[in-house]
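In the order they appear, the protein sequences are chains A and B.
For the first sequence, the UniProt record's numbering assigns the number 362 to the last residue and increments by one with no breaks.
For the second sequence, the UniProt record's numbering assigns the number 362 to the last residue and increments by one with no breaks.
Cβ atoms here follow ideal geometry from the backbone N, Cα and C, with glycine treated the same way.
Number of protein chains: 2
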Amino acid sequence: MGSTLRPGDTIGILGGGQLGRMIAQAASRMGLKCHIYCPDENSPAFEVSAEKTVAAYEDEQALTQFAKSVSVVTYEFENVPGETARILEQFVPVRPGPLALKVSQDRLEEKTFLSEEAATQVAPFIKVDNQAELEAALMELGGQGVLKTRRFGYDGKGQIMIRTPQDIEGAMDKLGNQPAILEGIVLFEKEVSIIVARGVDGTVKCYDPADNYHKNHILKTSSVPADIPEATAQEAIDMATRIVVALNYVGVMGVELFVVKDGDKTELKVNEIAPRVHNSGHWTEDACPVSQFEQHVRAVAGWPLGTPTRAHNVIMENLIGDDVNTWEATLLEPNARLTLYGKAETREGRKMGHINRLSPKS
Amino acid sequence: MGSTLRPGDTIGILGGGQLGRMIAQAASRMGLKCHIYCPDENSPAFEVSAEKTVAAYEDEQALTQFAKSVSVVTYEFENVPGETARILEQFVPVRPGPLALKVSQDRLEEKTFLSEEAATQVAPFIKVDNQAELEAALMELGGQGVLKTRRFGYDGKGQIMIRTPQDIEGAMDKLGNQPAILEGIVLFEKEVSIIVARGVDGTVKCYDPADNYHKNHILKTSSVPADIPEATAQEAIDMATRIVVALNYVGVMGVELFVVKDGDKTELKVNEIAPRVHNSGHWTEDACPVSQFEQHVRAVAGWPLGTPTRAHNVIMENLIGDDVNTWEATLLEPNARLTLYGKAETREGRKMGHINRLSPKS
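Put into structure tokens, the structure is as follows:
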């Protein structure tokens with residue numbers, strides 16, 4: 001499992017969306033080939049990669065052929081089925097490893113790991129499998145909380161805010177009676193995130209934390225430097241480092257953190273981790289010599305990590321749905337850098353591209 | 001011929017080497033697709049592009065199909081056969097245009113154009129078609145000169161330095177009796193180059209000039225900023241601008257200039273022009289928000305040019321032949337940015353990649 005790639009070798013990527021596409025673009029720059037595996041035949045990542053496989057994640061024969069054609073496998077999404085990873089691992093390293101997938105696919109496992117193994121603060125949480133357990137859990141957390149499915153939630157989906165008795169009734173039915181957790185409500189001031197990378201050799205490198213602003217539960221902007229005290233920034237770095245070390249992680253990870261003010265004190269609580277390159281790290285592509293995508297490629301290739309220096313201040317803006325129609329105007333802005341994902345169809349809520357607006361480093 | 005592309009449209013590129021590859025990478029970032037046309041089935045650019053055609057540049061049927069599948073055609077090398085361009089132009093714009101190809105394919109046409117149409121200084125030159133004309137030309141230029149074939153010369157190939165009577169004998173035989181020119185020897189201090197771009201709307205933008213250092217007649221390093229007086233840098237910009245305006249040019253061009261010291265005076269003479277992205281502009285990829293490759297894509301797509309701001313000082317080093325074996329060491333350098341071209345076979349004199357070493361801007 002200690003394999004190191006050489007230029008000309010091939011990285012296999014599960015998933016063909018914009019994250020896979022940007023990983024492939026970074027890999028090709030360093031002379032590595034990519035083989036994209038994705039069930040969707042219109043995947044944006046196919047257009048920039050040497051090889052592609054269009055097949056289901058459960059197709060053992062296709063997975064075996066894929067694994068035999070590459071030197072390492074990585075992924076652009078955390079919901080890679082465990083069985084998929086197990087099949088691939090018979091042939092090649094899968095990076096980040098299986099523990100990262102297991103932990104990040106299940107909110108209960110994730111919160112337990114974060115608080116017990118990584119010694120980080122999280123919101124209080126209680127396992128909830130049915131309406132009776134929900135009611136008991138609410139008693140314990142003071143009558144309010146956020147009910148979240150343990151698996152497959154993203155962009156605010158699979159969540160119900162419970163503030164009043166009316167919210168409680170039928171709540172588990174609304175979530176399809178899936179296994180869930182109830183989280184205590186955190187009165188956070190804002191969300192920051194940090195992009196951390198760990199190499200095969202155990203080296204850990206962090207980019208500067210970003211201030212994240214969401215709109216309709218979808219990330220809208222990430223601003224760097226984040227407006228937080230230096231000690232808080234250092235605490236974010238320390239927490240992210242503990243997490244990747246505890247996971248024996250290889251690759252880039254996005255760590256989302258709530259900033260909580262308690263009088264004069266500023267504290268951080270981990271919201272969630274994503275075992276992959278992360279939307280809130282897209283600013284690195286233009287503001288840093290080594291982007292999160294190159295960093296991830298270096299890590300999974302067994303190469304030394306790059307220095308995560310930042311050369312500019314930057315605000316990253318996601319282009320969601322019709323936002324993409326501003327592309328022409330953006331090309332005219334002298335300090336704006338436009339990235340489009342090559343998606344044929346614009347849909348409401350779909351991430352179509354992003355803009356990095358640069359300014360002198362402070 | 002005034003077509004403007006939209007994201008999702010396809011740029012056709014003649015030539016599948018590293019320049020085509022880097023143009024394709026820049027295009028994909030902005031959501032454009034590329035279709036590479038190259039006779040060599042192992043072309044590095046294929047690996048990063050949505051479509052490819054493996055066919056000869058004389059294959060009218062393949063060219064026609066290619067032209068019908070793209071919105072504009074550009075090229076990575078100046079020796080595109082005139083007939084190839086004429087076939088393509090029946091269907092789509094070819095940018096830069098036919099005049100740029102005609103002029104840059106023939107040293108006699110080039111020097112005549114540069115001195116007469118673009119009002120730039122060049123070394124004295126005389127048309128030479130046979131040994132007798134060579135001897136007459138030498139008389140006129142004081143007995144010394146550089147004999148160069150009019151077509152297909154590069155990296156010092158197709159040139160003979162004539163300094164003594166012994167060099168004269170059989171000189172035209174050595175060049176295969178091809179049509180040639182004799183150029184007066186320019187006692188230049190060094191070579192600089194400038195990357196200039198012109199948009200469909202006539203806007204012209206220049207990057208900072210670079211100091212070029214050659215080894216075995218092949219570019220080894222380009223350093224920016226060039227160590228030349230500010231007035232000389234401005235003169236380089238003015239000359240490059242006159243050239244692209246006189247050619248009604250669309251796209252990026254590399255202009256190589258000799259720096260000649262005459263007492264206290266510093267003068268520039270144009271050595272040659274390349275109607276394409278240029279090796280001496282590879283530094284822009286890491287030192288500028290908008291690289292020469294993105295600038296070329298913007299120009300040929302009919303999009304507004306980007307601002308050619310430079311954020312760092314930089315020395316670009318070509319990795320030629322076995323130089324590429326330093327790739328691992330380069331990954332460890334904190335301020336070095338590595339680009340590899342994905343060429344399977346390392347050969348002596350072959351350009352395998354390059355390094356940009358960044359330092360704070362001066």
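At a cut-off of 9 Å between beta carbons, Arg337 (chain B) contacts chain A. Between Ile23 (chain A) and Phe293 (chain A) a beta carbon distance of about 5 Å is seen, short of the 8 Å cut, so the two are scored as contacting. In this structure, the alpha-carbon of Pro93 (chain B) lies about 15 Å from that of Arg6 (chain B). Around the CB of Ser359 (chain B), fewer than 16 other CB atoms lie within 10 Å, so the residue is classed as exposed. Per the coordinates, the alpha-carbon of Val255 (chain B) lies some 18 Å from the alpha-carbon of Glu230 (chain B). Rounded to whole angstroms, the separation of the alpha carbons of Glu317 (chain B) and Asn356 (chain B) is 6 Å.
Exposed is the label assigned to Gly202 (chain A), since fewer than 16 other Cβ atoms lie within 10 Å of its Cβ. Residue pairing by DSSP places Glu256 (chain B) opposite B:Ser193 and B:Glu272 in a beta bridge. Sequence-ordered contacts of the region 41 to 53 of chain B with chain A read Phe46, Glu47, Val48, Ser49 and Ala50 [C-beta pairs closer than 8 Å]. Close partners of Tyr341 (chain A) in chain B (Cβ separation under 8 Å): Gly31. In this structure, Pro275 (chain B) places its C-beta atom within 9 Å of the C-beta atom of Glu78 (chain B).
Judged by DSSP in its simplified three-state form, Lys174 (chain A) adopts helix.
Pairwise C-beta distances place the region 225 to 239 of chain B in contact with the region 248 to 268 of chain B, as three or more of them are shorter than 8 Å. Chain-order list of chain A residues neighbouring Leu331 (chain B): Arg298, Trp303, Pro304 and Gly306, by C-beta distance under 8 Å. Gln25 (chain B) has a beta carbon lying within less than 9 Å of a beta carbon in chain A.
Residue-level contact check: Thr74 (chain A) does not touch chain B, since none of the beta carbons of chain B fall below 9 Å from its beta carbon. Chain A places no beta carbon closer than 9 Å to that of Ala67 (chain B), leaving this residue out of the contacts. Close partners of Trp327 (chain B) in chain A (Cβ separation under 9 Å): Arg6, Pro7, Met30 and Gly31. The residue from B:Cys34, B:Ala180 and B:Ala50 with its alpha-carbon nearest to that of Ala132 (chain B) is B:Ala180.
Going by beta carbons, Ala45 (chain B) and Ile11 (chain B) fall outside the 9 Å limit. Secondary-structure assignment with DSSP links Arg198 (chain B) through a beta bridge to B:Val204 and B:Gly251. Counting only the Cα atoms, Ala240 (chain A) lies some 19 Å from Val297 (chain A). If you ignore the 5 residues before and after Val314 (chain B), its C-beta comes within less than 7 Å of the C-beta of Val224, Trp283, Asp286, Ala287, Asn356, Arg357 and Leu358, all in its own chain and listed in chain order.
The region 137 to 151 of chain B and the region 202 to 216 of chain B do not touch, with fewer than 3 CB-CB distances between them shorter than 8 Å.
Among the residues facing chain A, Asp322 (chain B) is not included, as its CB has no counterpart in that chain under 9 Å away.
If you draw a straight line from the Cα of Thr4 (chain A) to the Cα of Ile194 (chain A), it comes to about 27 Å. Taken in chain order, the members of the region 347 to 359 of chain B whose beta-carbon sits within less than 8 Å of a beta-carbon on chain A are Gly353 and Leu358. Judged by beta-carbon spacing, Glu83 (chain B) lies beyond the 9 Å limit of Ser69 (chain B), meaning their Cβ atoms are not closer than that value. With the criterion set as a beta carbon lying under 7 Å from some beta carbon of chain B, the members of the region 277 to 293 of chain A are Asp286 and Pro289, in sequence order. When the beta-carbon positions are compared, Val186 (chain A) and Ser28 (chain B) stay at least 9 Å from each other.
Within the region 101 to 134 of chain B, complete beta strand (DSSP E) segments of at least 3 residues are found at 125 to 128, given in chain order. The C-beta of Ala311 (chain A) comes closer than 9 Å to at least one C-beta of chain B. As computed with DSSP, His296 (chain B) is found in no beta bridge at all.
Distance from Phe125 (chain B) to Glu183 (chain B) at the Cβ level is roughly 5 Å; contact confirmed, criterion being Cβ atoms closer than 8 Å. Take Ser115 (chain A), set aside five residues on each side of it, and the residues of its chain with a beta-carbon closer than 6 Å to its own are Val122, in chain order. In the same chain as Gly20 (chain B), and ignoring 5 residues on each side of it, the C-beta atoms closer than 7 Å to its own belong to Ile13, Ile36, Ala45 and Glu76, in chain order.
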